[in-house]
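Residue numbers (my numbering), protein chains in the order written: chain A, 1 to 461; chain B, 1001 to 1461. Quick reminder that beta carbons are idealized off the backbone N, C-alpha and C, glycines included. From a predicted model like this one, the values you see are computed outputs, not experimental measurements. Contents: one structure, followed by commentary.
2 protein chains.
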Amino acid sequence: MLEQEEQREELLEKIEDLISRKRYAELRDLLLPLEAPDIARLCEDLDEQTLPLVFRLLPKEQAAEVFVELDSDQQEMLIQGFSNTELKEVLDELYLDDTVDIVEEMPANVVKRILRHSDPEMRKSINEILKYPDDCAGSIMTTEFVDLKATMTVEDALKRIRRTGPDKETINICYVIDEGRHLLGYLSIRTILLSEEDDVIGDIMDTNVIFAHTLDDQEDVAQALNKYDFLALPVVDTEHRLVGIVTVDDAMDVLQEEATEDIEKMAAILPGDKPYLKTGVFETWKARTPWLMMLMLSATFTGMILTHFENSLAAVPILTSYIPMLSGTGGNSGTQASTAVIRALSLGEVRFSDLLRVVWKECRVALICGVCLALANFVKMMVVDCWLLNNPTVTPAVAAVVCCTLVGTVACAKLVGASLPILAEKIGFDPAVMASPFISTIVDALSLLIYFRFATWILGV
Amino acid sequence: MLEQEEQREELLEKIEDLISRKRYAELRDLLLPLEAPDIARLCEDLDEQTLPLVFRLLPKEQAAEVFVELDSDQQEMLIQGFSNTELKEVLDELYLDDTVDIVEEMPANVVKRILRHSDPEMRKSINEILKYPDDCAGSIMTTEFVDLKATMTVEDALKRIRRTGPDKETINICYVIDEGRHLLGYLSIRTILLSEEDDVIGDIMDTNVIFAHTLDDQEDVAQALNKYDFLALPVVDTEHRLVGIVTVDDAMDVLQEEATEDIEKMAAILPGDKPYLKTGVFETWKARTPWLMMLMLSATFTGMILTHFENSLAAVPILTSYIPMLSGTGGNSGTQASTAVIRALSLGEVRFSDLLRVVWKECRVALICGVCLALANFVKMMVVDCWLLNNPTVTPAVAAVVCCTLVGTVACAKLVGASLPILAEKIGFDPAVMASPFISTIVDALSLLIYFRFATWILGV
């Protein structure tokens, strides 16, 4: 029963109908069984008058869950309309990391109001997490985890979990710390439940803990959670004190965001953090123009090459008509290689030490690809361009020039495409920007140089 | 303490040293504290003689965990070398869904051996899951979950969890079924632990269950787990009987794979399922050539347009030198729009009903982008091409042709780029193949047509 678009339309109509007829009890019964993310999606289509009304119908806990899932404009609107008591109620129900996410999106006056109505401990934790730079483990962790002492028995531990559990983000993994809050080990709730009541935590815990530092890159943390199939990863400060945990749901979001960011960079877009339809026209323009501009200006070189060989083109004008095909094929070949390598780099499948293996592999792939394309193109030029379209200037010699260029271009494209991202990563650049558009621009220029070289050799122009 | 490349090199050296000196006890102590995925990465660099040796040093449970993480060639090699007893031991330790993954990769004779040495219940479950087509919920689920009855008390439930827990993939979420195994509700281990011992499961369970059907697309299932922040999602058959669960770690893998697949398709590569360096040259060639070939042949149209306007180009030869810049900028603009839309589609942010909003947004973005680029290009042509490079054929009229074409090309590119993926999805095609290379080919032809139109109007050629 995964979400269906039609159901949503139907529900929306029902909601609007119930509101217009003021059947609030029925509306509440309609919403109660829904999951928070689904209610939030429905709320997107409600206006300023109806949203607070619907929101107030929900029970406290569900209301808080829905609140977290709303987009920041709607959250702000709701907060502005909340009485102080209402705000406090919602805040009390939120998990710390969600509160931090909300605080990060709100304008200063709303943040002040939120902090004023959080309890002192919460306020301290929020300020703590806000200190960490974006994109690091500290900024996505939560401080609401279960901590145990190594000297506790399983019975003590279960008592502690039962007492503190309701406020924790997860009880599935518990962490063992000493008096100085240093991380000693961890154990899952399964281990605890499957042990005897008088077993000592220190004896049954796992002391080989994979942990992150507060300033580790959030992507590395998410990859680690994925690699080790953990439900949470502990985060320690420079003195190895446990300060928080990153849970798997947040790691999944990070992986999705990072994939989006890579995809955007590969398409020469400056990455943003808002969904497509929420990004304004001006913002989208700002994200897209810089690379377009740079790539446009760098095409000056290809223009210069063409101007330089103007006489050759005038002598054999048919050569001009194969330029788009050559630069297109070169660009596509380069894109394939660079994309494959960039993705492999970001999944950790390829490292700098693999450079030679990658280059050797691409050499061989390029050779077979190039020869195949050249053969197909030769046949096509002779049959379609020369014979069917009846163009006498398409001679076998011209076809030979085009086909030799194809082989050379594909080879160059694959080599440049595969090696640039690895080299970029080595010197600390983001490999994703070495993708398609950038490679195409380089390959364009190279393919023209190769083209005119072969034209000179074979046609003597 | 996330994985460090240097540590790995160091460890490998130590392992090889200990093996050569036959210090097996030391080697075992070195490996014991490591996590299974890390040991598996180290094993990648071991040869056929040492791998079984190292593997046999590990305790049973850890050995099984490492086995799952190895790549299929190494798994096959190990199985071939296992005695029947060893094989049975490893199989007994594996979770069902991991066993299925392994079985799917092995040649027929190895599969037979595996099935012969699994216990009958396991064999039945493996065959059950193997029946489901790839890429559907049934094929990634596990049947090892905790099921409870609605009439049980919390005390009964905890007893059952303690008894059956060791063999289950997760105990964090438990599912409530009736006599006919129909899914009634679910509850987390947290809810169970935080309830009173004599509470009845039927009263405390959540009956609003989000579930998947066995044949639902695995990507939808993974997206649902991500959206609702679940640790597992139940899978039911057509009669609403609970047959398995999909856990969050598998969902994360699916999301990563699907992102890779989208990225590959966007780069005109036929998606494969092996890591970059494990894919053979021939396989890579097969994945890359079809689209390259198709795109190369479709560039025939741009060639025909150029041949058709040969006389215009002969009259004003400088026009030729701006063709790569125009087609490059058009291609890049189209790539940006299509990539943004494809990603938004795959994250569920954009649907078919948003088509007009998307088009309207892209229209405005295209207009400002186009005008900006045109202005910059006009200045560049006048200052660099005409004045600095001292090319008298670059007149303001020529610059006007190029700049008007830029605006038109960017507009076409953004509109085609943004709308094609949405239309493709509507008619049931994969939007990702409507990406960069495909759009570029269309935009190339369009930009040339626009170019020669403006050339005729402004320059009268």
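Do you know how far the Cα of T1151(B) is from the Cα of F67(A)? Note on geometry: alpha-carbon atoms of F67(A) and T1151(B) lie some 35 Å from one another.
Starting from T320(A), trace the alpha helix (DSSP H) in both directions and tell me its first and last residue. Under the DSSP assignment, T320(A) falls outside any alpha helix (DSSP H); it carries neither an H nor an E label.
At 8 Å on the CB atoms, spell out the chain A contacts of C1361(B), in chain order. Position check: residue 1361(B) holds Lys in this sequence, whereas Cys was assumed. Those within 8 Å of K1361(B) in chain A are L277, V281, T284.
Beta-carbon proximity list for D1168(B), same chain, < 7 Å, skipping 5 on both sides: The question names Asp, yet the displayed sequence has Lys at residue 1168(B). The answer, listed in chain order, is E1144, F1145, V1146.
Relative to chain A, which residues along the stretch 1299-1317 of chain B have a C-beta separation below 7 Å, given in chain order? Taking 7 Å as the cut-off between beta carbons, the residues of the stretch 1299-1317 of chain B near chain A are A1299, T1300, T1302, G1303, L1306, T1307, E1310, L1313, A1314, P1317, in sequence order.
Which term fits F1352(B), buried or exposed, when burial requires 16 or more other beta carbons within 10 angstroms of its beta carbon? F1352(B) comes out exposed.
Keeping to the same chain, check which residues put their C-beta closer than 7 Å to that of L46(A); ignore five residues upstream and five downstream. Correct list, in chain order: V54.
If I measure Cβ to Cβ from D1216(B) and keep anything under 7 Å in the same chain, skipping five residues before and after, which residues do I get? If you ignore the 5 residues before and after D1216(B), its C-beta comes within less than 7 Å of the C-beta of C1136, A1137, all in its own chain and listed in chain order.
Report, in whole angstroms, the separation of the C-beta atoms of A483(A) and G303(A), which I expect to be a contact under 8 Å. This structure cannot settle anything about residue 483(A), because the visible part of chain A is limited to 1 through 461.
Tell me the residue span of the beta strand (DSSP E) that contains D1177(B). For clarity, residue 1177(B) is Ile in the given sequence; the question names Asp instead. Per DSSP, I1177(B) belongs to the beta strand (DSSP E) from 1173-1177.
Beta-carbon proximity of I269(A) to R241(A), cut-off 7 Å: Contact flag unset, no.
T153(A) by DSSP, collapsed to three states: which one? The answer is strand: DSSP assigns T153(A) an E or B state.
Check whether the Cβ of C369(A) lies closer than 7 Å to any Cβ atom in chain B. The beta-carbon of C369(A) is placed less than 7 Å from the nearest beta-carbon of chain B.
Quick one: give me the first and last residue of the beta strand (DSSP E) that D1147(B) is part of. It spans 1146-1148 - the beta strand (DSSP E) in which D1147(B) sits, taken as one unbroken run.
Can you pull the chain A residues whose beta carbon is under 7 Å from the beta carbon of Y1228(B), in chain order? In chain order: E35, P37.
What is the C-beta distance between L187(A) and D206(A), in whole angstroms, given that I count them as a contact (C-beta under 8 Å)? The Cβ separation is near 6 Å, so the contact holds.
Taking C-beta to C-beta, are V1407(B) and I1442(B) nearer than 7 Å? Pairing V1407(B) with I1442(B) gives a Cβ-Cβ distance that is not under 7 Å.
For L1448(B), which option in S1346(B), I1161(B), W1387(B), C1404(B) has the closest C-alpha, if you only look at C-alpha atoms? Check the Cα spacing between L1448(B) and each of S1346(B), I1161(B), W1387(B), C1404(B): the tightest is with C1404(B).
Going along chain A, which residues have a C-beta under 7 Å from G1165(B)? Residues of chain A passing the Cβ test: R190, L193, L194.
Name the one or two DSSP bridge partners that P1234(B) has. Its beta-bridge partners are I1245(B).
Count Cβ pairs between the stretch 1414-1434 of chain B and the stretch 1381-1390 of chain B that sit closer than 8 Å; are there 3 or more? As far as the Cβ criterion goes, the stretch 1414-1434 of chain B does not touch the stretch 1381-1390 of chain B, which means the pair count is below three.
Could you pull out every residue in the same chain whose Cβ sits closer than 6 Å to the Cβ of L446(A), ignoring the five residues on either side in sequence? C412, listed in sequence order.
Considering only the alpha carbon of each residue, which of L1295(B), E1258(B), V1359(B) lies closest to G331(A)? For G331(A), the closest alpha carbon among the candidates L1295(B), E1258(B), V1359(B) is that of L1295(B).
Taking C-alpha atoms, which residue in A418(A), P324(A), A399(A), P317(A) lies nearest to A366(A)? The shortest C-alpha separation from A366(A) is found at A418(A).
Verify whether the separation of the beta carbon atoms of P247(A) and A224(A) is less than 7 Å. According to the sequence shown, residue 247(A) is Thr rather than Pro. No. Outside cutoff.
Is the stretch 341-355 of chain A in contact with the stretch 1020-1036 of chain B, if contact means three or more CB pairs nearer than 8 Å? Short answer: they don't touch.
For P133(A), count neighbouring C-beta atoms within 10 Å of its own C-beta (all shown protein chains included) and say buried if the count is 16 or more, exposed if not. In summary, P133(A) is exposed, with fewer than 16 beta-carbon neighbours lying within 10 Å of its beta-carbon over all protein chains present.
Taking 7 Å as the threshold (beta carbon to beta carbon), is R1041(B) in contact with chain A? Not closer than 7 Å to any Cβ of chain A, the Cβ of R1041(B) fails to qualify, so no.
Residues bridged to V1200(B) [DSSP beta-bridge criterion]: T1153(B), per the DSSP bridge assignment.
Neighbourhood of L158(A) by C-beta distance below 7 Å, restricted to the same chain and skipping five residues each side: The residues are I192.
Contact criterion: CB-CB distance below 7 Å. Does P1290(B) meet it with respect to chain A? No, P1290(B) does not count as interfacial toward chain A.
Start-to-end residues for the alpha helix (DSSP H) that takes in G185(A): No alpha helix (DSSP H) contains G185(A), which is instead part of the beta strand (DSSP E) from 183-188.
Report the residue ranges of all alpha helix (DSSP H) runs contained in full by the stretch 235-312 of chain A; include only those spanning at least 4 residues, in chain order. Counting only runs that start and end inside the stretch 235-312 of chain A, the alpha helix (DSSP H) elements of at least 4 residues fall at 248-266, 281-298, 300-308.
Thinking just about the alpha-carbon of each residue, which of V110(A), R21(A), A64(A) is nearest to the one in N92(A)? Before going further, note that residue 92(A) is Asp rather than Asn in the sequence given. Among V110(A), R21(A), A64(A), the Cα nearest to that of D92(A) belongs to A64(A).
In chain A, which residues lie with their C-beta within 8 Å of the C-beta of P1324(B)? Within chain A, the residues near P1324(B) are A299, T302, G303, L306, I323, S327, D444, L448.
What do you get for F309(A), buried or exposed, if any count of 16 or more other CB atoms within 10 angstroms of its CB means buried? With 16 or more other Cβ atoms inside 10 Å of its own Cβ, F309(A) counts as buried.
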